[in-house]
Each structure stands twice: as structure tokens, then as C-alpha cells.
Amino acid sequence: MMKFSINFDGAAYRNAGKILMTLLMTTMLFACATAEQKRASHAQQEAYKVAIARGINAHVYEMSCQAVLPVAEEILIKRGYTTQVYDQEGLIVEMQWKEDAQAARSRFIAQGMALGDQRCNLQIVAEKETAGQRTAQRSDEIEMELISRIQPEMAKNIKAQAKAMSEQVYEQSLQQQTPQTHEGPAVREVNDQPDTEILPEQL
Numbered sequence: 000m001m002k003f004s005i006n007f008d009g010a011a012y013r014n015a016g017k018i019l020m021t022l023l024m025t026t027m028l029f030a031c032a033t034a035e036q037k038r039a040s041h042a043q044q045e046a047y048k049v050a051i052a053r054g055i056n057a058h059v060y061e062m063s064c065q066a067v068l069p070v071a072e073e074i075l076i077k078r079g080y081t082t083q084v085y086d087q088e089g090l091i092v093e094m095q096w097k098e099d100a101q102a103a104r105s106r107f108i109a110q111g112m113a114l115g116d117q118r119c120n121l122q123i124v125a126e127k128e129t130a131g132q133r134t135a136q137r138s139d140e141i142e143m144e145l146i147s148r149i150q151p152e153m154a155k156n157i158k159a160q161a162k163a164m165s166e167q168v169y170e171q172s173l174q175q176q177t178p179q180t181h182e183g184p185a186v187r188e189v190n191d192q193p194d195t196e197i198l199p200e201q202l
């Protein structure tokens with residue numbers, strides 16, 4: 000049987016150490032870049048939500064509130080809610096409470112504000128009650144659906160502007176993050192000889 004012997008000299012160990020360090024540095028840099036992208040993506044998502052909310056809140060329908068309210072009521076009815084109050088003079092539509100889950104229920108209230116004969120701003124508030132705790136906040140989802148039904152082009156514009164703003168925030172977030180220099184532990188080259196020669200007189 001033939002035997003092969005492999006000798007690893009100092010140069011081989013040094014090359015192996017350099018390769019391992021290169022792999023380590025590459026992994027660290029990739030992890031850093033991924034973390035920065037995640038933070039930028041989170042900032043982008045939050046910016047998109049804020050821009051959508053602003054666009055919806057500022058939207059004004061070029062029609063009377065009496066014409067907008069029935070469309071809002073129809074959307075809510077399709078979501079399983081029943082009308083409790085419909086006041087055309089007070090410009091309000093209030094839905095009955097609907098049981099969503101055990102010890103939880105919800106309802107919607109649509110309130111219009113006439114800004115002129117053919118101009119209307121309308122808010123839809125979602126109320127939720129869980130274990131006796133009640134919360135209320137504007138429903139951007141329902142209001143966006145309402146805008147899409149009545150003025151689809153305006154809904155597209157709001158989304159497009161929000162998308163453009165969020166992309167800008169993403170780029171700015173990446174640029175503002177301070178580049179970090181990652182320095183790994185110093186690699187000591189393997190030498191065949193000790194670093195310091197000890198003389199007999201020093202013993």
C-alpha cells in the first residue's frame with residue numbers, strides 16, 4: 000500500500016488563517032448591510048403609512064356630504080355591519096356593534112363636514128371594545144376604499160405620492176446611517192521560530 004505524507008509548513012497555516020479571516024470579514028459586512036437595509040425598510044413602511052394617512056385626512060370630496068354618506072354606509076354594510084343611526088342633517092352614519100370574537104366587538108361611525116355646497120370632508124372612525132376596554136381611531140383602510148369608490152384617480156394619486164415619499168425616506172435612511180468600520184481581531188502569523196530569542200544569561 001502506498002503512503003502519502005502531507006507537510007503543513009508555516010506558509011500553509013498563514014494562508015489558511017488569511018482565508019478564514021476574509022470569510023469572517025465578509026460575513027460581518029453582509030450582516031451589517033442586511034441590518035441597515037432592514038432599518039431602512041422599516042422607516043420606508045412607516046413613512047408610507049404616514050403619507051397615506053395625511054393624504055386621506057386632507058382629502059375633500061367634490062360633492063355634497065349627503066351624496067358621500069350613502070356610499071360609506073354601503074361599504075360598511077358589505078362588511079357585515081348594520082345601520083343604527085342615519086342622520087342626513089347631522090351628516091352622521093352610526094353602525095351597530097358587531098361581535099367580532101369572544102369578549103370583543105366593533106362598530107364604525109362616519110361623520111361628514113360640509114365645506115360648501117359641493118365640498119365634503121368625511122371621517123370614518125373605528126371603535127373597538129375588548130374586555131370592557133374601548134378604543135377609537137380613524138380607519139384609513141375604509142376611508143381609502145371610499146375614496147377609491149368615488150374618486151379612483153385621486154386614490155391612485157394618494158398612493159403614488161405616498162410611495163414616492165417612502166422611497167425617498169428609504170434612500171435617506173441608508174445615507175444617514177454612519178458607515179461602521181469592522182475590524183476583526185488581529186491575526187498573528189504562525190512562525191516556526193519564537194518571537195523573542197531567550198539568551199542563557201536571562202535565565
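Heads up: the sequence shown begins at 0 in numbering that gives the first Met the number 0, then just goes up one per residue. Where a beta carbon is used, it is the ideal one built from N, C-alpha and C, also for glycine. Please read these numbers as outputs of a predicted model, since none were measured by experiment.
Check                                                                                                            : Outcome
C-beta contact flag for SER165 and TYR85 at 8 Å                                                                  : no
Within the region 56-101, ranges of the beta strand (DSSP E) (whole runs, at least 3 residues)                   : 82-86, 91-94, 97-100
Nearest neighbour of GLU72, chosen from VAL168, MET153, LEU145 [CA to CA]                                        : LEU145
Nearest-angstrom beta carbon gap, VAL92 and THR82 [assumed within contact, 8 Å]                                  : 7 Å
Rounded straight-line distance, which links the Cα of PRO151 to that of TYR169                                   : 27 Å
Residue range of the unbroken beta strand (DSSP E) whose run includes GLN122                                     : 118-129
GLN110 to VAL59 span [Cα, whole Å]                                                                               : 13 Å
Reference ASN56; option with closest CA among ALA34, ALA39, GLU140                                               : GLU140
Environment of ALA163 [buried if 16+ CB atoms lie within 10 Å]                                                   : exposed
Residue nearest to ALA154 in terms of C-alpha spacing, selected from LYS97, LYS37, ARG53, THR134                 : ARG53
GLN175: first and last residue of the uninterrupted alpha helix (DSSP H) it sits in                              : 151-175
Local Cβ density within 10 Å of ALA103, reported as buried at 16 or more and exposed below that                  : exposed
Secondary structure of SER105, DSSP reduced to three states                                                      : strand
Beta-carbon proximity of SER172 to ALA39, cut-off 8 Å                                                            : yes
ARG106 burial status per 10 Å Cβ neighbour count (16 or more: buried)                                            : buried
Sub-8 Å separation of ALA135 and GLU126 beta-carbons                                                             : yes
Residue from GLY115, LEU75, PRO69 with nearest C-alpha to VAL124                                                 : LEU75
Counted within 10 angstroms of its Cβ, other Cβ atoms place GLU142 as buried (16 or more) or exposed             : buried
Chain D within 8 Å of ASN120, Cβ atoms only                                                                      : Although the question refers to chain D, the structure presented lacks it and comprises just one protein chain.
Whole-number beta carbon distance between GLY115 and LYS97, since they are thought to touch under 8 Å            : Their Cβ separation, rounded to whole angstroms, is 34 Å, which puts LYS97 and GLY115 out of contact at 8 Å.
Spatial neighbours of GLU61 in its chain, beta-carbon cut-off 7 Å, leaving aside the 5 residues before and after : GLN117, ARG118
Sub-8 Å separation of VAL67 and ILE157 beta-carbons                                                              : no
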